[in-house]
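Here's the structure, in structure tokens; my notes come after.
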Amino acid sequence: MLDILRHIEAWKSSQMEIAVATVVKTWGSAPRGVGAKMVVNQDGDFAGSVSGGCVEGAVIEEASSVLRNQQAKILHFGVADETAWEVGLACGGEIEVFVEPWTDEKMMSVSSIRSLIEGRKKFIIAKAIRGSREQVGRYLLISDTNAVEGNLHPKFREGFSQQRHILLKEGSSFTKEYLLHEDPVEIFFEFHGPPLRLVIVGGVHIASALTHQAKSLGYQVYIVDPRSSFGSKERFPDVDGLISEWPDKALMELGLDRYTAVAVLSHDPKLDDPALQVALPSDAFYVGALGSRETQRKRRLRLEDSGLSEEDLSRLKGPIGLNLGGRSPAEIALSILAEVVACLHKT
0 MLDILRHIEA WKSSQMEIAV ATVVKTWGSA PRGVGAKMVV NQDGDFAGSV
50 SGGCVEGAVI EEASSVLRNQ QAKILHFGVA DETAWEVGLA CGGEIEVFVE
100 PWTDEKMMSV SSIRSLIEGR KKFIIAKAIR GSREQVGRYL LISDTNAVEG
150 NLHPKFREGF SQQRHILLKE GSSFTKEYLL HEDPVEIFFE FHGPPLRLVI
200 VGGVHIASAL THQAKSLGYQ VYIVDPRSSF GSKERFPDVD GLISEWPDKA
250 LMELGLDRYT AVAVLSHDPK LDDPALQVAL PSDAFYVGAL GSRETQRKRR
300 LRLEDSGLSE EDLSRLKGPI GLNLGGRSPA EIALSILAEV VACLHKT
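Counting from 0, one number per residue, gives the positions in the sequence shown under numbering that gives the first Met the number 0.
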């Protein structure tokens, strides 16, 4: 989402007209999930993806029509034998894409969306995708505060504001039909959780490769190491945060939510153990630690003595990473990230 926002802000600052396309429904083997986005400017330049390449060309053409008419529309793409290699999804899936002009009024919510993302807050964009011409494209930005932003009908503003905690707890995107003056209106609830985050304890050589690979997947990356020579800006110029604190204090200050993975790599019990004592009982979806099986055995005994429960200890991935057979720092980093992704998707 942040990458899409950056393009919206840059193109709008250049006085360009923009259309935003969002996947609102999928069936079968769809290449991208609900909520996938691409943004298209008046020159046909685009960023993001709604299908991994299958229908982007057609969406760009339709975006031009949307900008000319300043009216949102729904596009449906599926597979048909005679058109599978022209415009369609050769994988056999179907998707619906909502394409809308990004108006100056919608720009007013961009700063709010950015603040919610940077503050690691959950939010929902509720948008009318079917209904009367007057209603389609209207939206509300819903967060866990009392305020909602947008121009959706007051009936929805009041109702969704009251239901915001239930909607945010849902944790997924979905569509639902409502009646407005006896006319059906279909609302797409686009859920956004905090950005995925990888916290690396120990600014070792593997951490450098792991940082680059995780950033390529869109993770925010934080390096925690009290040793200034290890956790330096020169060694890690592209991370989102360098924290020169003892790991237990740093992890508690960061707050480990269910969108966070922790990789403990220092191979030094003075750093690793305090980090694991905080990470294992937390909500982090992944906790792994570098070290051989014998190192893991000794570590487990120490952690048991520190008071961690069997349930907490069972969460520890160690030796860290999937067994891909690689030995180089980059290969070990790849095995770690592969395990992180597998845990994220519970595969």
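Think of the CB as a built atom: it goes at the ideal place given N, C-alpha and C, for glycine as much as any other residue.
Determine, using beta carbons only, whether residue i and residue j come nearer to each other than 8 Å.
i, j, result
"Ala20", "Val33", "no"
"Val238", "Val220", "yes"
"Phe188", "Ser172", "yes"
"Leu279", "Leu300", "no"
"Ala213", "Leu289", "no"
"Ala390", "Leu209", "Absent from the model: residue 390. The displayed extent of the chain is 0 to 346, so no value can be given."
"Val286", "Leu315", "yes"
"Glu148", "Ser111", "yes"
Do you know how far the Cα of residue j is from the Cα of residue i?
i, j, result
"Gly217", "Pro194", "8 Å"
"Ala35", "Leu302", "41 Å"
"Gly92", "Phe284", "30 Å"
"Asp224", "Lys11", "40 Å"
"Ala206", "Asp103", "42 Å"
"Phe47", "Ile3", "What sits at residue 47 in the sequence shown is Gly, not Phe. So the alpha carbons of these two residues sit roughly 7 Å apart."
"Ala332", "Thr25", "33 Å"
"Ser160", "Ser142", "9 Å"
"Ser13", "Leu139", "26 Å"
"Ser231", "Met251", "21 Å"
"Val65", "Arg119", "33 Å"
"Arg296", "Ala249", "25 Å"
How is residue i classed by DSSP in three states: helix, strand or coil?
i, result
"Pro280", "coil"
"Glu252", "helix"
"Trp101", "coil"
"Trp10", "helix"
"Ile319", "coil"
"Lys72", "strand"
"His191", "strand"
"Met106", "helix"
"Phe159", "helix"
"Asp271", "helix"
"Gln41", "coil"
"Glu55", "helix"
"Pro178", "Strictly speaking, residue 178 in this sequence is Leu, with Pro absent from that position. Three-state DSSP puts Leu178 in a strand."
"Leu264", "coil"
"Leu307", "coil"
"Leu241", "strand"
"Arg196", "strand"
Excluding five sequence neighbours on each side, which residues of the same chain lie with their C-beta closer than 7 Å to the C-beta of residue i?
i, result
"Glu330", "Leu323"
"Pro183", "Gly130, Glu176"
"Glu293", "none"
"Leu270", "Val200, Gly201, Pro246"
Considering only residues of the same chain and omitting the five flanking positions on each side of residue i, which have a CB-CB separation below 6 Å?
i, result
"Val135", "Ala71, Ala127"
"Gly192", "Lys121, Tyr258"
"Ala62", "Ala18, Val39, Val98"
Below 8 Å CB to CB, which residues in the same chain sit around residue i once its five sequence neighbours on both sides are set aside?
i, result
"Ile7", "Ile17, Val19, Val38, Trp101, Met106, Val109"
Is residue i near the ligand NAP - that is, is its Cβ less than 7 Å away from at least one heavy atom of it?
i, result
"Glu252", "Ligands are entirely absent from the displayed structure, and the ligand NAP is therefore not among its contents."
Exercise. Could you tell me which uninterrupted beta strand (DSSP E) segments, each at least 3 residues in length, are contained entirely in the segment 118-154, listed from first to last along the chain?
Key: 122-129, 138-142, 147-149
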